[in-house]
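Protein sequence lines correspond, in order, to chains V and H.
When we follow the working numbering, the leftmost residue of the first sequence carries the number 545, and every step to the right adds one.
When we follow the working numbering, the leftmost residue of the second sequence carries the number 460, and every step to the right adds one.
The block underneath contains the structure these notes are about, expressed in structure tokens.
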Amino acid sequence: MTLTQADIDGELAEIRAGHEKARAAGAPAAHHPPRDFPPYRSSLLRHPKQPLVAVHGDPETVELSGPVFGRTDVTELDHDLTRQHAGEPLGERITVSGRLLDRAGRPVRGQLVELWQANASGRYAHRRDQHPAPLDPNFTGVGRVLTGDDGSYRFTTIKPGAYPWRNHENAWRPAHIHFSLFGSAFTQRLVTQMYFPGDPLLAYDPILQSVTDDAARARLVAAYDHSLSRPERSLGYRWDIVLDGPCATWIEEGR
Amino acid sequence: MTYLPPTPSHTVGPFYGYALPFPGGGDVAPRERSDAITLHGYVYDGAGEPVPDALVEFWQADPGGSVAGAPGSMRRDPVTGGFLGRDGVAFTGFGRVPTDADGHYAVRTLPPGAPAVPYISVCVFARGLTHHLFTRAYLAEGPDALLASLTPERRATLIARPEPHRTHRFDIRLQGEEETVFLDFA
Ligand SMILES: [Fe+3]
């Protein structure tokens with residue numbers, strides 16, 4: 545039987561109602577998606593069924609520290625995805641900028657931010673992407689940058705296109721940029737996706753909707769920011785990122 | 460003090476393969492080190508099938524027990540933009556390896572000098588996994604708070620099995636019988 549968008553919408557509505565009911569009964573907001581999320585079919589066999597085992601950090605806990613990166617790990621052009629080839633890529637040039645913070649609001653300094661994305665037509669420069677949309681010889685869609693002293697990062701890229709996938713019939717991913725972030729501790733590691741405001745596909749996407757809490761989901765959508773737009777050049781989007789998880793300095797402070 | 464709400468996690472998806480893995484990602488041990496060890500294994504799903512599109516990351520103390528780490532895991536060439544690989548001398552403590560078509564990964568590293576019961580911290584990403592999973596590959600058994608808190612069956616999933624030639628086998632089962640113990644640091 546073909547799984548339709550209506551089927552998925554029904555499952556999503558039921559899960560959201562469940563979360564709202566739990567919230568009304570006093571449950572805390574679910575900041576992260578459940579790993580068991582049936583509307584995203586690939587999650588079915590890939591989530592643990594045993595509860596996670598809590599590790600209470602002591603100073604010996606290796607995960608309270610984390611990998612470090614430096615200027616040898618990035619090049620000058622890595623943050624500008626529109627200048628990595630001989631010609632200009634097709635599409636709407638954008639600037640994406642924001643700050644990388646921990647939950648205490650402190651900037652994460654000198655850390656590696658990686659991103660990857662589809663081109664303006666919704667095609668990845670990946671061998672296994674079967675979407676019959678054109679590749680762009682002037683766009684690979686991979687960027688890296690180190691955060692500044694205030695935790696800030698900035699990329700110049702092009703707005704990615706939506707693309708179809710096989711989760712259900714007529715499934716389309718909204719335009720999104722994949723991000724990979726490191727904090728000052730391995731426990732703060734984060735891989736996520738950034739979306740664009742006003743995208744009509746947001747409501748239909750089981751991956752975005754796997755974040756069941758409305759406020760949490762909204763944090764994945766960047767804001768158009770005219771002050772980041774550059775004349776004759778690019779449109780600006782602001783997206784701040786807050787890393788979850790403890791780090792060594794929190795443990796020292798007895799959080 | 461109020462804490463900022465965190466940015467939610469998302470799956471790494473199917474197409475990270477041309478973006479996140481890098482040449483030498485699994486060569487954490489500097490070249491020419493005769494004391495290097497190999498940690499390897501398979502990632503399996505709940506049906507027992509290998510997971511060919513997982514990304515596994517490793518973080519650990521150096522042989523002296525320091526967790527300060529070092530930059531240079533993914534050194535780049537400022538002229539061509541390509542990867543230079545690690546410098547062959549420094550130990551950065553960080554590894555990143557995609558699973559192959561058989562769901563297999565391998566990382567060549569140095570034995571961690573800390574903690575007392577040494578382990579390599581492992582972080583698993585995959586298509587279909589909405590939020591990464593942490594686990595630990597223990598290279599020995601001994602008095603350890605986490606190991607002590609588990610039943611023998613569950614504990615066994617965290618012990619990397621010694622094999623010949625300084626090699627340790629550590630399989631990761633995302634679901635099902637012998638499901639790996641995954642960790643919550645919150
Ligand atoms: Fe994508």
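The C-beta atom is built at its ideal place from N, Cα and C for all residues, glycine as well.
Pick helix, strand or coil for residue i, following the three-state DSSP scheme.
i	result
H:Ile-579	strand
V:Ser-771	helix
V:Leu-752	helix
V:Gly-642	strand
V:Gly-562	helix
V:Pro-678	coil
V:Thr-793	helix
V:Gln-549	helix
V:Arg-554	First, the amino acid is wrong: residue 554 of chain V is Gly here, not Arg. Here V:Gly-554 sits in helix by DSSP.
H:Asp-561	coil
V:Tyr-668	coil
H:Val-486	Note that residue 486 of chain H is Asp in the sequence shown, not Val. Correct three-state label for H:Asp-486: strand.
V:Asp-617	helix
V:Leu-690	strand
V:Gly-685	coil
V:Ser-586	helix
H:Pro-611	helix
H:Ala-529	coil
H:Gly-476	helix
Residue i touches chain H at which residues, Cβ-Cβ below 9 Å?
i	result
V:Thr-548	The premise fails here: V:Thr-548 is roughly 21 Å from chain H at the closest Cβ pair, so nothing lies under 9 Å.
V:Arg-647	Tyr-462, Leu-463, Pro-464, Pro-465
V:Pro-582	Neighbours of V:Pro-582 on chain H: none; closest Cβ ~11 Å, over 9 Å.
V:Asp-673	Pro-473, Phe-474
V:Pro-681	Here the premise fails: no neighbours, minimum Cβ distance about 15 Å.
V:Gln-628	Gly-540
V:Ile-751	His-469, Thr-470, Gly-472, Thr-589
Quick one: what's got a C-beta closer than 6 Å to residue i's C-beta in the same chain, skipping five residues either side?
i	result
H:Arg-628	Gly-500, Arg-620, Glu-622
H:Arg-625	Ile-496
V:Arg-698	Ser-641
H:Glu-516	Arg-555, Cys-582
V:Gly-692	none
V:Glu-658	Arg-688, Ser-724
V:Val-686	Trp-660
H:Leu-617	Arg-595, Tyr-597, Val-640
H:Phe-481	Met-533, Phe-542
V:Gln-753	Leu-556
Could you tell me which chain H residues have their CB closer than 7 Å to the CB of residue i, listed as they occur along the chain?
i	result
V:Phe-740	Near V:Phe-740 there are no residues of chain H at all, since even the closest Cβ is about 15 Å away, more than 7 Å.
V:Ile-785	Thr-466
V:Leu-734	Thr-466, Ser-468
Among the options, which one has its Cα closest to the Cα of residue i?
i	options	result
V:Thr-684	V:Val-612, V:His-629, V:Ala-792	V:His-629
V:Ala-767	V:Phe-699, V:Gly-742, V:Tyr-668	V:Gly-742
H:Pro-566	H:Ser-580, H:Asp-512, H:Ala-575, H:Ala-573	Before going on, a small fix: residue 566 of chain H reads as Val here, not Pro. Selected option, being the one with the closest Cα: H:Ser-580.
V:Leu-734	H:His-563, H:Leu-592, H:Leu-569	H:Leu-592
V:Gly-695	V:Phe-726, V:Gly-601, V:Pro-775	V:Phe-726
H:Leu-569	H:Arg-614, H:Asp-521, H:Asp-504	H:Asp-521
V:Asp-758	V:Ala-574, V:Ala-550, V:Thr-548	V:Ala-574
H:Thr-639	H:Pro-480, H:Asp-504, H:Ala-488	H:Asp-504
V:Arg-579	H:Ala-506, H:Ser-493, H:Phe-584, H:Phe-644	H:Phe-584
V:Ser-587	H:Glu-600, H:Asp-559, H:Leu-598, H:His-469	H:His-469
H:Leu-498	H:Pro-571, H:Arg-545, H:Gly-472, H:Tyr-462	H:Pro-571
V:His-675	V:Ala-648, V:Arg-637, V:Gly-649, V:Trp-716	V:Trp-716
H:Trp-518	H:Tyr-475, H:Asp-512, H:Ser-532, H:Arg-492	H:Ser-532
H:Tyr-578	H:Thr-539, H:Arg-632, H:Glu-612, H:Val-526	H:Val-526
H:Pro-546	H:Gly-540, H:Arg-535, H:Leu-605	It is Asp, not Pro, that sits at residue 546 of chain H in the sequence shown. The shortest C-alpha separation from H:Asp-546 is found at H:Arg-535.
V:Arg-590	H:Ala-560, H:Val-487, H:Gly-562, H:Gly-587	H:Gly-587
Taking residue i as the query, report the chain V residues whose CB atoms sit under 8 Å from its CB, ordered along the chain.
i	result
H:Pro-537	Thr-619, Glu-620
H:Leu-588	Arg-579, Ser-587, Arg-590, His-591
H:His-563	Those do not exist, as H:His-563 stays about 17 Å from chain V at its closest Cβ, beyond 8 Å.
H:Phe-550	Chain V residues near H:Phe-550: none, gap ~12 Å exceeds 8 Å.
Please list, in chain order, all residues of the same chain as residue i whose beta carbon is under 8 Å from its beta carbon, the five residues on each side excluded.
i	result
H:Gly-485	Gly-554, Arg-555, Val-556, Tyr-564, Ala-565, Val-566, Arg-567
H:Thr-466	none
H:Ala-529	Ala-549, Phe-550, Thr-551, Gly-552
V:Ile-638	Thr-700, Thr-701, Ile-702, Lys-703, Ser-778, Leu-779, Gly-780, Tyr-781
V:Glu-713	Thr-546, Leu-547, Thr-548, Gln-549
H:Phe-644	Phe-593
What does residue i touch in chain V if you count any residue whose Cβ is under 9 Å from its own?
i	result
H:Glu-515	Checking the displayed sequence, the identity of residue 515 of chain H turns out to be Val instead of Glu. Chain V residues near H:Val-515: none, gap ~12 Å exceeds 9 Å.
H:Glu-638	Pro-592, Lys-593, Gln-594
Take residue i and list the residues in its own chain whose beta-carbon comes closer than 7 Å to its own, dropping the five residues that flank it on each side.
i	result
V:Arg-643	Pro-651, Asp-694, Gly-695, Ser-696, Asp-784
Which bits of chain H does residue i rub up against, with CB to CB less than 8 Å?
i	result
V:Phe-790	According to the sequence shown, residue 790 of chain V is Pro rather than Phe. Going along chain H in sequence order, the residues near V:Pro-790 (Cβ under 8 Å) are Phe-644, Ala-645.
V:Val-652	Here the premise fails: no neighbours, minimum Cβ distance about 12 Å.
V:Trp-660	Phe-474, Tyr-475, Tyr-477, Ala-478, Leu-479
V:Leu-764	Thr-466, Pro-467, His-469
V:Tyr-668	Phe-474, Tyr-477
Using 7 Å as the cut-off, classify the Cβ of residue i as near or not near the heavy atoms of ligand 3, replying yes or no.
i	result
V:Gly-685	Ligands in the displayed structure: ligand 1; ligand 3 is not one of them.
Tell me, please, whether the CB atom of residue i is closer than 8 Å to any CB atom in chain C?
i	result
V:Thr-691	No chain C is part of this structure, whose protein chains are labelled V and H.
How would you list, in chain order, the residues of chain V whose beta-carbon sits under 7 Å from the beta-carbon of residue i?
i	result
H:Ala-506	Leu-589
H:Pro-530	Val-612, Phe-613, Gly-614, Thr-616, Asp-617
| field | Contiguous beta strand (DSSP E) assignments of at least 3 residues, all confined to the stretch 718-746 of chain V | value | Listed in chain order, they are 720-725, 734-739.
| message | Which complete beta strand (DSSP E) runs does the stretch 590-634 of chain H hold, if anything under 3 residues is left out? | response | 592-597, 620-622, 626-628, all fully within the stretch 590-634 of chain H.
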